[in-house]
């Protein structure tokens with residue numbers, strides 16, 4: 028939960044007056060999101076979400092994110108739609124920071140996903156991958172295999188304070204992944220962060236996807252591996268094979284994996300686990316003073332990585348039998 | 028900003044299904060408030076605020092708070108109105124904690140109050156004092172003069188780490204206030220925490236008051252002194268006499284102060300400044316690990332206290348000439 032920037036009432040009034048959405052009736056910070064500040068702005072025409080892009084987001088990436096939401100929306104995917112102001116711009120400046128207003132998406136995120144939610148998110152991920160086709164802009168995935176070692180180096184010194192032997196184990200995994208990382212798999216626009224808090228449900232039906240601020244171009248199957256890690260493990264650290272089968276099966280109903288993608292899944296899952304282990308480890312070791320967000324447990328992803336290391340083939344994920 | 032309790036989607040669905048307000052369409056934590064967790068719950072019938080009472084609130088006080096909001100609402104004061112569930116109860120249990128749903132109040136709080144806002148809040152405070160008449164329940168003010176010394180004792184040891192000499196200066200002020208604190212002033216229900224973030228405005232008209240969780244029975248003029256401190260000082264620490272005159276004048280248009288109240292104002296202002304100095308000092312020295320709220324600067328109230336100590340009579344507040 029994080030709202031980093033305090034916005035004055037007259038600032039928000041002035042900002043919103045540039046849009047055709049009526050006057051502001053209410054304005055509240057939302058205790059969600061980590062990278063940006065989000066506010067619920069109720070205007071005479073209804074609720075909207077205002078996002079202020081904080082310093083962890085590169086402003087040069089914003090046209091990609093905003094354009095992607097418009098592209099996906101136009102292709103029928105339900106996601107927040109950027110609202111353009113009277114000058115035709117979807118990006119403005121508020122309190123000295125880049126800011127955008129997007130439409131309000133009904134629904135709630137599921138705190139304890141069940142099998143049917145996993146199936147729905149698999150389907151939605153494949154829908155997203157198909158809807159992303161033809162999007163003109165591209166964005167490199169800075170958090171894929173080439174990005175991991177530099178990230179790792181920043182946690183080497185104190186990494187073993189979290190778990191003795193962790194630094195050596197990560198180095199070994201990095202050596203392996205850099206050698207074995209696949210190439211030539213189908214690529215496209217991926218969400219890259221489709222955790223439960225970014226998927227809304229309404230009466231148990233998936234009602235939309237949010238938060239495209241990690242989206243980039245990468246292997247489509249890598250996105251599925253991220254979801255597998257984020258949705259299909261139980262609180263005790265074990266993979267729920269029924270959920271994995273539901274998620275990957277839901278995906279395949281819309282976009283069947285190629286044989287190469289299926290063969291690569293275990294290593295993509297390892298890579299995805301390492302990626303979140305590394306960012307969480309860094310955040311854990313570098314909690315800023317006055318932080319408004321409790322850092323997430325990096326060892327959750329260490330346990331997931333260990334699981335995937337033990338996987339012989341994709342039957343461990345409930346598919347390919 | 029603080030949301031202390033994570034609520035699962037099925038828990039909120041179940042809780043709201045006990046009310047006649049339709050199904051939940053959206054559910055978001057609000058990054059406001061310090062004592063309780065607040066959520067915006069949009070249902071089929073519109074937006075509502077759900078409050079979860081965290082451990083700093085004594086559950087035995089909840090009937091007073093809830094009843095007061097109902098009493099004030101019935102008397103025409105605009106404030107959140109508790110929604111009763113189908114069993115007729117305004118208080119329920121959610122995630123193991125007391126919880127209430129109240130109506131959503133339109134408006135925004137003013138980050139940089141101007142003179143006209145101060146006038147409006149003075150009037151609203153007097154309205155509140157009149158509307159509170161006849162409320163059957165009572166609640167002692169644990170943060171009035173008898174409560175200050177025990178609170179002070181808990182900060183004695185490390186108080187001077189905030190400002191050298193602070194502990195002795197507070198002790199001296201306490202000695203003085205305990206001797207000189209008035210008696211016999213008109214009493215009633217006071218808000219006791221009417222800071223700018225608890226007063227909503229819509230198009231520069233005051234649209235309502237929120238957060239009655241410090242309300243209690245005490246001197247009515249003490250409430251005005253709290254507002255004076257909260258609304259009428261500039262960022263540089265100086266009292267804005269024009270704002271003070273507007274606030275106290277706005278109050279007097281609805282409920283004129285008695286001569287005794289006017290004479291007591293400087294000492295009530297000192298007491299109010301000491302009260303917030305003491306609570307902020309304690310919070311400053313006791314930030315819990317993983318705190319989601321940055322503690323507020325206690326020295327802001329030290330500077331206000333010093334100002335009031337220098338006041339000869341109420342002309343310093345722009346009235347009584």
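Protein chains in written order, with this note's numbering: chain E, 28 to 348; chain B, 28 to 348. Ideal Cβ positions, reconstructed from N, Cα and C, are used throughout, including at glycine. Note that the coordinates shown come from a computational prediction; the quantities given were computed from them, not determined experimentally.
inquiry  = Going by DSSP in three states, residue 28 (chain E) sits in which element: helix, strand or coil?
reply    = Confidence is the limiting factor: at residue 28 (chain E) the pLDDT is only 40, short of 50, which leaves the residue's position unreliable, though a coordinate-based value still follows. DSSP places residue 28 (chain E) in coil when its eight states are reduced to three.
inquiry  = Less than 9 Å between CB atoms is the rule here; does residue 136 (chain B) satisfy it with respect to chain E?
reply    = yes
inquiry  = Just checking: is the beta-carbon of residue 28 (chain B) within a distance shorter than 9 Å of some beta-carbon in chain E?
reply    = Per-residue confidence for residue 28 (chain B) stands at a pLDDT of 40, beneath the threshold of 50, marking its modelled position as unreliable; no derived number is given.
task = Examine chain C for any beta-carbon lying closer than 9 Å to the beta-carbon of residue 54 (chain E), and answer yes or no.
result = The question asks about chain C, but that chain is absent: this structure's protein chains are E and B.
ask   = Hey, is residue 172 (chain E)'s beta-carbon within less than 9 Å of any beta-carbon in chain B?
value = no
inquiry  = Closest to residue 329 (chain B) by C-alpha separation, out of B:191, B:126, B:95, B:120, would be which residue?
reply    = B:191
ask   = Less than 9 Å separating the beta-carbons of residue 252 (chain E) and residue 284 (chain E)?
value = no
ask   = Do the CB positions of residue 84 (chain B) and residue 160 (chain B) come within less than 9 Å of each other?
value = The Cβ-Cβ distance between residue 84 (chain B) and residue 160 (chain B) does not fall below 9 Å.
key: Cβ-based neighbour list, residue 40 (chain B), same chain, cut-off 7 Å, excluding 5 preceding and 5 following   = 51
key: alpha helix (DSSP H) runs wholly inside the stretch 178-248 of chain E, at least 4 long, in chain order   = 193-207
query = How is the beta strand (DSSP E) around residue 345 (chain B) delimited, first residue to last?
reply = In the DSSP annotation of this structure, residue 345 (chain B) is not part of any beta strand (DSSP E), being labelled neither H nor E.
task = Using alpha carbons as the reference points, say which of B:225, B:269, B:292 lies closest to residue 234 (chain B).
result = B:225
task = Evaluate contact between the stretch 169-184 of chain B and the stretch 299-312 of chain B, counting only Cβ atoms and requiring at least three cross-stretch pairs below 8 Å.
result = Yes, they touch.
task = Can you have a look at residue 211 (chain B) and say buried or exposed, based on whether 16 or more other CB atoms are within 10 angstroms of its CB?
result = exposed
Residue of E:142, E:49, E:138 minimising C-alpha distance to residue 273 (chain E) = Closest by alpha carbon: E:142.
request  = Let me know if residue 245 (chain B) comes out buried or exposed under the rule of 16 or more other beta-carbons within 10 Å of its beta-carbon.
outcome  = By the 10 Å Cβ count, residue 245 (chain B) comes out buried.
request  = Run the CB neighbour count on residue 206 (chain B), radius 10 Å, all protein chains shown included, and call it buried at 16 or more, exposed below.
outcome  = Around the beta-carbon of residue 206 (chain B), fewer than 16 other beta-carbon atoms lie within 10 Å, marking it exposed.
key: Where the beta strand (DSSP E) containing residue 155 (chain B) begins and where it ends   = Unbroken run through residue 155 (chain B) is the alpha helix (DSSP H), 142-158; no beta strand (DSSP E).
ask   = Considering residue 276 (chain B), what are the terminal residues of the alpha helix (DSSP H) in which it resides?
value = 268-281
inquiry  = For residue 295 (chain B) and residue 344 (chain B), which I take to be in contact (beta-carbon distance under 8 Å), what is that distance rounded to the nearest angstrom?
reply    = About 11 Å separates the beta carbon of residue 295 (chain B) from that of residue 344 (chain B), a gap too long to meet the 8 Å contact definition.
task = Check whether the stretch 227-243 of chain E touches the stretch 261-273 of chain E, taking contact to mean three or more Cβ pairs, one atom from each stretch, closer than 8 Å.
result = no
query = At a CB-CB cut-off below 7 Å, which residues of chain E make contact with residue 51 (chain B)?
reply = 135
query = Looking at the C-beta of residue 310 (chain E), does it have a partner C-beta in chain B at a distance below 9 Å?
reply = It does not: the Cβ of residue 310 (chain E) has no partner Cβ on chain B nearer than 9 Å.
key: Close Cβ partners of residue 214 (chain E) (< 8 Å) along its chain, the five nearest in sequence each way excluded   = 244, 245, 246, 247
message = For residue 69 (chain E), would you say it is in contact with chain B, using Cβ-to-Cβ distances shorter than 9 Å as the test?
response = yes
task = Determine the contact status of residue 236 (chain E) and residue 255 (chain E), defining contact as a CB-CB distance below 9 Å.
result = no
query = Does the separation of the CB atoms of residue 72 (chain B) and residue 129 (chain B) fall below 9 Å?
reply = no
task = May I ask which residues mark the beginning and end of the beta strand (DSSP E) holding residue 68 (chain B)?
result = 64-70
ask   = Nearest chain E C-beta to residue 270 (chain B) closer than 9 Å, yes or no?
value = no
Own chain residues within Cβ distance below 7 Å of residue 280 (chain B), not counting five before or after = 150
query = In whole angstroms, what separates the C-alpha of residue 103 (chain E) from that of residue 93 (chain E)?
reply = 16 Å
request  = Thinking residue 204 (chain B) and residue 297 (chain B) are a contact (beta carbons under 8 Å), I'd like their distance in whole angstroms, please.
outcome  = 6 Å
request  = In the DSSP assignment, find the beta strand (DSSP E) that holds residue 54 (chain B) and state where it starts and stops.
outcome  = 51-56
Residue(s) in a DSSP beta bridge with residue 129 (chain E) = E:76, E:109
request  = Check whether the Cβ atoms of residue 170 (chain B) and residue 90 (chain B) lie closer than 9 Å to each other.
outcome  = no
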